[in-house]
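Beneath this line is the structure, given in structure tokens, with notes to follow.
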Amino acid sequence: MSVECKNLPTVMAELDKQLVPLEGLRQLAGVTDQEKITIRCEQLDEPFPPGVRRTPIHQFPTPGVALGVIRDPDRKRMLSRLYFEYQFLCGFVHFSTQPRSFKGIFDQREPFGQLFTAGQLENMFQKEIAGPAIWVDFLSIVQSAAEILTLYPSDVELRRAVTDAWAVLSERTIMGRAVWEFRAKRLLGII
Amino acid sequence: MKVLVHKDSYLMKKEIDLDQTTDAPVMDGLVNRCIAAAFEAFRNSTSIFTKVQEEHLGHIFKSMRPTHETIRELLRRENKSPHSVDAVPLARLQLETLYAICLVLSWSSLPISIYISSIHGNRLMSDIF
Chain A
311 MSVECKNLPT VMAELDKQLV PLEGLRQLAG VTDQEKITIR CEQLDEPFPP GVRRTPIHQF
371 PTPGVALGVI RDPDRKRMLS RLYFEYQFLC GFVHFSTQPR SFKGIFDQRE PFGQLFTAGQ
431 LENMFQKEIA GPAIWVDFLS IVQSAAEILT LYPSDVELRR AVTDAWAVLS ERTIMGRAVW
491 EFRAKRLLGI I
Chain B
6 MKVLVHKDSY LMKKEIDLDQ TTDAPVMDGL VNRCIAAAFE AFRNSTSIFT KVQEEHLGHI
66 FKSMRPTHET IRELLRRENK SPHSVDAVPL ARLQLETLYA ICLVLSWSSL PISIYISSIH
126 GNRLMSDIF
């Protein structure tokens, strides 16, 4: 904001107050002086100070990039299988017809919804919206917790919580069954 | 990386009853236990991560709970409306967290340091802007 607001003294005074905590946060986050200078020089088109080499901060990989990096075969297989769900969910984030169509269909004031019976609307809601949202959310949380068993294999409470959750998950959805077979059951020592 | 149905799908070997239901409070209880157990686990040191990184990882798990609760709220029967559709992108956020956790665990401490520093890098950029 400081570039856009440099002629506004009151805003600049507020921004100046944030410099000290921001600097503390930078050090805590492990951002080096060189990385900080790189951001500043690139963003403001300023020359690099003598002796400072350009050191960009890498972006955290997206799921598609992560798939290419992960080596563990079971983990890779699980995430590859889940990538189909991920692509479906992306249709609701990027500009596409899916979210707009469903918002129209489930809006009683719109004419589209009146093309369907109450039963069809309920079925569509469960299949296209509630089902994917509930089960992907549930699976993501449970399997994220399961993955850290690789770090803490003797954590009894963690293992028990994940095992109880997987007892539900593996029997309710096709996606859950696939992830269970590809990864979770070996991770929990149930073969 | 390209995923392919013939390579990356699982051929089901036994029947699955898709009409079985699970009560929301039961699922909420299981979710809360998993998140609490994961958060507690990160209180114990590992040789892979620094203390700050472990705290970050614990908080990644904690942050999944409010998103879970928001999804629940959007999908409550009495709230069924066009707003409910926005539960789906939130589920995507949860799935991205699973990818992130897997990446962090697969690649020692490097990705978590990238994760933490990239957050701060973005903050620095917005501050300069």
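First to last, the protein sequences are chains A and B.
The first sequence begins at 311 in the numbering used here and counts up by one.
The second sequence begins at 6 in the numbering used here and counts up by one.
Glycine is no exception: its CB is placed at the ideal position from the N, C-alpha and C atoms.
Would you call the CB atoms of Q99/B and H73/B closer than 9 Å? Contact: yes.
Could you name the residues of chain B that C400/A contacts, counting a contact when the two beta carbons are closer than 8 Å? R97
The alpha helix (DSSP H) enclosing T320/A, as first and last residue numbers: First-last of the alpha helix (DSSP H) with T320/A: 319-327.
To the nearest angstrom, how far is the alpha carbon of L95/B from that of S118/B? 25 Å
Give the residues of chain B in contact with I484/A, contact being defined as C-beta atoms less than 8 Å apart. M17, I21, L23
Return yes when the Cβ of A43/B is within less than 9 Å of the Cβ of L468/A, no when it is not. yes
9 Å Cβ cut-off: residues of chain A touching D28/B: What D28/B touches in chain A: nothing, since even the nearest Cβ is about 10 Å away.
Which residue wins for smallest C-alpha separation from F412/A, given the options D28/B, K12/B, A92/B? A92/B
Close beta carbons around P373/A, own chain, < 6 Å, minus the five adjacent residues each side: Here the set comprises Y396.
At a CB distance below 8 Å, what residues from the region 321-352 of chain A approach chain B? Give them in sequence order. L325, Q328, L332, L335, R336, L338, A339, G340, V341, E345, K346, I349, R350
Inspect the CB distances between the region 68-88 of chain B and the region 338-348 of chain A and report whether three or more fall short of 8 Å. no
Step through the CB atoms of chain A and report whether any lies within less than 9 Å of the CB of E45/B. yes
At a CB distance below 9 Å, what residues from the region 66-85 of chain B approach chain A? Give them in sequence order. F66, M69, R70, T72, H73, I76, R77, L79, L80, K85
What did DSSP end up calling Y120/B once you bin it into helix, strand or coil? helix
Going by the beta-carbon positions, is the gap between A475/A and F492/A smaller than 9 Å? no
Closer than 8 Å by C-beta to D465/A: which residues in its own chain qualify, once you throw out the five before and the five after it? Chain order, please. Excluding residues within five positions, the ones whose Cβ falls inside 8 Å are L459.
Beta carbon of I380/A, beta carbon of S111/B: below 9 Å? yes
Buried versus exposed, by CB contacts within 10 Å (16 or more), L461/A: buried
Rounded to whole angstroms, what's the CA-CA distance from K437/A to V57/B? Just pull it up for me. 41 Å
Can you check whether the CB of T75/B is closer than 9 Å to the CB of R482/A? no
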